[in-house]
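Structure record follows, encoded as structure tokens.
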Amino acid sequence: MEVLISPLRKRSQFLRIAQKGRKFSSAGLILQMHKLDEVTDAKIQGGKRIIEVGYTASQKVGSAIYRNKAKRRLRSIAMKVLLKHAKWGHEYVLIARRSTNGVDFNSLTRELEHCLKKLNVYRK
Numbered sequence: 021m022e023v024l025i026s027p028l029r030k031r032s033q034f035l036r037i038a039q040k041g042r043k044f045s046s047a048g049l050i051l052q053m054h055k056l057d058e059v060t061d062a063k064i065q066g067g068k069r070i071i072e073v074g075y076t077a078s079q080k081v082g083s084a085i086y087r088n089k090a091k092r093r094l095r096s097i098a099m100k101v102l103l104k105h106a107k108w109g110h111e112y113v114l115i116a117r118r119s120t121n122g123v124d125f126n127s128l129t130r131e132l133e134h135c136l137k138k139l140n141v142y143r144k
């Protein structure tokens, strides 16, 4: 079955993941994860599994230019890593840190893979 990434849009979704989920931090990003309660909650659309992902960059990251750049980088690594290695039936939030824009892209990719492994949602 093919896996698609769908964005989280509502504040309530971000808050639920922050309150009920687990998180792991690395130098370039923070990954929050929440497992959906039931298999029926896991989204399947047209025979494709949906992974819901949200991206956040607070004002601590910098001005709007730096926040947008950080979110673009997070979206890019999410497309590269989460489609291949994230378990579906979970919701994820990637949070940018000040160092997100300064870290090498390959290092950021490895950090996301490491976070997935630490949260036990990495699939080969």
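This note's numbering numbers the first residue of the sequence shown as 21 and each following residue consecutively.
Glycine included, each C-beta is placed from N, C-alpha and C at the ideal position.
Since the model is a prediction, treat every value here as computed from it, not as a measurement.
Based on Cα-Cα distance, which residue from the options lies nearest to residue i?
i: GLY41; options: LEU114, LEU128, ARG143, VAL23; result: LEU114
i: LEU139; options: PHE44, GLN65, LEU35, GLU22; result: PHE44
i: ALA47; options: LYS144, ARG95, ASP124; result: ASP124
i: LYS30; options: GLY74, ARG93, GLN52; result: GLY74
i: ASP57; options: ILE50, ILE97, ILE37; result: ILE37
In three-state terms, what does DSSP make of residue i?
i: GLU22; result: coil
i: LYS68; result: strand
i: VAL113; result: strand
i: ARG51; result: Position check: residue 51 holds Leu in this sequence, whereas Arg was assumed. Strand, per DSSP.
i: ARG42; result: strand
i: ARG123; result: Residue identity differs from the one stated: residue 123 is Val in this sequence, not Arg. Note: VAL123 maps to coil in three-state DSSP.
Using a threshold of 8 Å, state whether the C-beta atoms of residue i and residue j are closer than that.
i: VAL23; j: LYS68; result: yes
i: TYR112; j: LEU102; result: yes
i: HIS105; j: TYR142; result: yes
i: GLU131; j: LEU28; result: no
How close, in whole Å, do the beta carbons of residue i and residue j come, if the pair is a contact with beta carbons under 8 Å?
i: ILE71; j: ILE64; result: 11 Å between Cβ atoms; not a contact.
Q: Specify whether the region 119-136 and the region 89-96 touch according to this definition: at least 3 beta carbon pairs, one from each stretch, less than 8 Å apart.
A: yes
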